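Protein chains in written order, with the numbering used here: chain X, 1 to 146; chain L, 1 to 146.
For every residue, glycine included, the Cβ atom is placed at its ideal position computed from N, Cα and C.
Predicted model, so just to flag it, every value in this text is computed and none were measured.
Following: one structure in structure tokens, then a few remarks.
Protein chains: 2
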Amino acid sequence: MVKSALVRQVEQRLREHDVRFTQGRRAVVDALSRAPGPRSAAELSDQLSPAVPLSSIYRTLAVLEEVGVLAPHLGAKGLTRFELAEWLTGHHHHLVCIDCGSVADVDIPAGQEERVRSLVTQIAEHASFAATDHTLEIEGRCSRCA
Amino acid sequence: MVKSALVRQVEQRLREHDVRFTQGRRAVVDALSRAPGPRSAAELSDQLSPAVPLSSIYRTLAVLEEVGVLAPHLGAKGLTRFELAEWLTGHHHHLVCIDCGSVADVDIPAGQEERVRSLVTQIAEHASFAATDHTLEIEGRCSRCA
DNA sequence: TTCCTTGCAAACGATTTGCATTGGA
DNA sequence: TCCAATGCAAATCGTTTGCAAGGAA
Numbered sequence: 001m002v003k004s005a006l007v008r009q010v011e012q013r014l015r016e017h018d019v020r021f022t023q024g025r026r027a028v029v030d031a032l033s034r035a036p037g038p039r040s041a042a043e044l045s046d047q048l049s050p051a052v053p054l055s056s057i058y059r060t061l062a063v064l065e066e067v068g069v070l071a072p073h074l075g076a077k078g079l080t081r082f083e084l085a086e087w088l089t090g091h092h093h094h095l096v097c098i099d100c101g102s103v104a105d106v107d108i109p110a111g112q113e114e115r116v117r118s119l120v121t122q123i124a125e126h127a128s129f130a131a132t133d134h135t136l137e138i139e140g141r142c143s144r145c146a
Numbered sequence: 001m002v003k004s005a006l007v008r009q010v011e012q013r014l015r016e017h018d019v020r021f022t023q024g025r026r027a028v029v030d031a032l033s034r035a036p037g038p039r040s041a042a043e044l045s046d047q048l049s050p051a052v053p054l055s056s057i058y059r060t061l062a063v064l065e066e067v068g069v070l071a072p073h074l075g076a077k078g079l080t081r082f083e084l085a086e087w088l089t090g091h092h093h094h095l096v097c098i099d100c101g102s103v104a105d106v107d108i109p110a111g112q113e114e115r116v117r118s119l120v121t122q123i124a125e126h127a128s129f130a131a132t133d134h135t136l137e138i139e140g141r142c143s144r145c146a
């Protein structure tokens, strides 16, 4: 199996930060790259345990966030889920189910994204806020819970 | 001091749910109505303690959320902040500071909000998702942290 | 009086950390 | 080799809950 472009990008980023890309860290990145949305430490542990113990998953998530490979997503009940950062996967938004709490990624057409971006710029300027990013969170019921 | 329209609306909603509007609950609603953004239990406790103990604040927040007077906002480090629900204060979006973690409310012009709403509708439809609400979260640095 | 609410302290669950051990460049 | 990374268990921290006492209708 060939090494994916994504893995190579992560390798390079870690190298730049003098951080090792170990087995456990590879396993976490791999699991997240296959997931259709953010995942919590516990959810990852379900897949990776006992090969990667929970405490190592937490440490891995912290390190990968620090170097900008992962981005956190804050969910209900104090759960923090992580996903690959947007420079690796592209910009997207979230569909959050108010029943089961699942979070799915959605892409939107470039033209519409452009409209959102310009709106964000206007709002931020007006509020003297230095915007660096934005997310449109759409709450509702997923097809399974509807 | 006259009883504000907001307090009267809350009173009625609680009455409809057979829930008492006690001193402690009034204090929490009052504190949140003065805050320029969502507040956590701990932040409220700083203001209201020892008159209202922390555990009561948590219970109050849970009750007020249940009857739809408050809406939760999930912040970094597992902190949940609450604010008055939009039917009391109007629809708005959030400016989230990536340095200090503060969250401020922003209103946007009706015309632009209409554009966001229609975009949300399109995205949700395309994804077979039953949207009930949305929030545009703008991340960046607040004027104090910039 | 009758429940709903409250206060306190103990319990919980997610996350973090100390420390000795292991493993990768 | 040598220090970063790991595994385990204990410690933290935000939040929840059991239970007895207090308060509003």
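- By the neighbour-count criterion, in which 16 or more other beta carbons inside 10 Å mark a residue as buried, residue 42 of chain X falls on the exposed side.
- Against chain L, a Cβ distance below 7 Å from residue 142 of chain X picks out 129.
- Less than 8 Å separates the beta-carbon of residue 64 of chain X from that of residue 70 of chain X.
- In the three-state reduction of the DSSP assignment, residue 79 of chain L falls in the coil class.
- Exclusion of the five residues before and after residue 84 of chain L leaves 6, 29, 32, 33, 69, 70 and 71 as the residues of its chain whose Cβ lies within less than 8 Å of its Cβ.
- Boundaries of the alpha helix (DSSP H) harbouring residue 26 of chain L: 23-34, taken from the DSSP string.
- Unbroken alpha helix (DSSP H) stretches of 4 residues or longer found wholly inside the region 81-127 of chain X: 86-89 and 110-126, given in chain order.
- Not flagged as an interface residue toward chain X: residue 69 of chain L, since no C-beta distance is shorter than 8 Å.
- Linking residue 25 of chain X to residue 58 of chain X through their CA atoms gives a straight-line distance of about 11 Å.
- In the pairwise beta carbon analysis, the region 91-99 of chain X is classified as touching the region 118-135 of chain L: at least three pairs are separated by under 8 Å.
- When DSSP states are grouped into helix, strand and coil, residue 130 of chain X belongs to the strand group.
- Around residue 12 of chain X, no beta-carbon contact reaches into chain L at under 9 Å, the shortest distance being about 24 Å.
- By the Cβ-count criterion, residue 38 of chain X is buried, with 16 or more other Cβ atoms from all chains shown falling within 10 Å of its own Cβ.
- For residue 108 of chain X, the chain L residues whose Cβ falls inside 7 Å of its Cβ are 123, in order along the chain.
- When X/107, X/100 and X/139 are compared, the shortest CA-CA separation from residue 132 of chain L is found for X/139.
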